[in-house]
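One structure is given here, and the rest of the page talks about it.
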Amino acid sequence: MDTRKRIIDTADSLFYYKGYQSTGINQIIAEANVAKGSLYNHFKSKSELGLAYVENASHIWFEEVRQEISNHTGPKEKLLAIFTFLSGHAKKNHYNGCRIINIITEITDQDEKITRGAVAHKQKFRELLYTFTSQIYSDMHKASEKADSIYLLYEAASVESKIFKKNWPIEIAMKNAAILLQN
3 MDTRKRIIDT ADSLFYYKGY QSTGINQIIA EANVAKGSLY NHFKSKSELG
53 LAYVENASHI WFEEVRQEIS NHTGPKEKLL AIFTFLSGHA KKNHYNGCRI
103 INIITEITDQ DEKITRGAVA HKQKFRELLY TFTSQIYSDM HKASEKADSI
153 YLLYEAASVE SKIFKKNWPI EIAMKNAAIL LQN
């Protein structure tokens with residue numbers, strides 16, 4: 003495994019389970035087993051590493067979502083499959099919520115790079131949802147509103163399943179998404 007990937011993978015685990023603010027550069031260096039100069043050769047700051055973490059998490063998330071929805075036909079089925087995907091993740095041991103939401107809530111608006119990366123991920127997700135709702139509804143405004151409603155259901159379910167350590171928020175969100183798509 004190359005050094006950059008090892009650093010990102012180490013940061014991923016530490017940021018996800020310990021938190022961005024609670025993780026120091028020295029801990030990342032020690033756990034990744036790299037020299038300080040090597041880390042700074044790849045990332046000029048913790049902020050740059052945080053952005054790489056967000057971009058990596060986004061890339062993996064979209065790959066996994068695309069894989070999940072590829073097993074379904076029709077835009078409604080694909081939209082609901084996104085909740086099935088979330089449910090599968092929430093049932094895993096050590097589920098700690100959405101990586102993007104976790105880091106953005108820690109940094110608030112202190113770090114513009116990480117914030118822009120997080121917003122780009124969430125916007126791309128909204129666009130994916132709109133891709134499917136626009137296949138169902140010819141009215142662009144209605145398609146956009148439905149996509150955003152599903153987006154909010156998904157995000158709320160993600161946060162609440164982390165808080166309660168249960169799957170019921172996802173199940174309820176999925177049922178409400180199905181109802182939303184009926185008209």
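In terms of our numbering, the sequence shown is residues 3 to 185. Using N, Cα and C, we set each Cβ at its ideal position, and we do this for glycine too. The structure displayed is predicted, hence computed values, not measured ones.
Residue of the options minimising C-alpha distance to residue i
i	options	result
Phe64	Phe127, Asp111, Glu114	Phe127
Lys168	Glu66, Glu129, Asn98, Asn178	Asn98
Asp4	Glu147, His44, Ile103	His44
Gln137	Ile181, Leu41, Arg8, Pro77	Pro77
Tyr153	Asp111, Gln125, Ala92	Gln125
Ala159	Asn28, Gly90, Ile9	Gly90
Glu50	Glu70, Glu33, Ile27	Ile27
Leu82	Ile62, Arg101, Thr135	Thr135
Ala2	Val161, Arg6, Tyr156	Residue 2 cannot be examined here, being either before or after the span of the chain that is shown, 3 to 185.
Ala59	Lys48, Gln69, His123	His123
Ile102	Thr75, Gln112, Thr117	Thr117
Lys7	Lys20, Thr25, Leu41	Leu41
Lys48	Thr25, His61, Asp111, Trp170	Thr25
Lys20	His61, Gln112, His96	His96
Where the alpha helix (DSSP H) through residue i begins and ends
i	result
Gly119	114–138
Thr110	From DSSP, Thr110 is part of no alpha helix (DSSP H); its letter is neither H nor E.
Cα-Cα separation between residue i and residue j, rounded to whole angstroms
i	j	result
Leu16	Glu114	21 Å
Lys177	Lys94	21 Å
Ser146	Asn35	47 Å
Ile165	Thr133	30 Å
Ile172	Ile84	10 Å
Ile174	Ala32	42 Å
Leu219	Glu79	Lying before the first or after the last residue shown, residue 219 is absent from the chain, which here runs from 3 to 185.
Ala92	Asp14	17 Å
Ser140	Ile10	42 Å
Lys46	Gln69	34 Å
Gly119	Gln184	34 Å
His143	Thr12	43 Å
Whole-number beta carbon distance between residue j and residue i, since they are thought to touch under 8 Å
i	j	result
Val67	Phe87	6 Å
Ser151	Leu182	6 Å
Glu108	Gln29	Actually they do not touch by this definition, with Cβ atoms about 16 Å apart.
Asn104	Tyr18	7 Å
Residue i CB to nearest heavy atom of the ligand GTP below 7 Å
i	result
Thr75	Inclusion of the ligand GTP in the displayed structure is not the case, the ligand content being empty and no account of it being possible.
Beta carbon proximity, residue i to chain B, threshold 8 Å
i	result
Ser60	The chain labelled as chain B is not found in the depicted structure, where only one protein chain is given.
ask   = Curious, which full-length alpha helix (DSSP H) runs of at least 4 residues does the region 7–92 contain?
value = 27–34, 38–44, 48–71, 77–92
ask   = Could you give the uninterrupted runs of the alpha helix (DSSP H) lying entirely in the region 134–171, keeping only those of 4 residues or more?
value = 142–166
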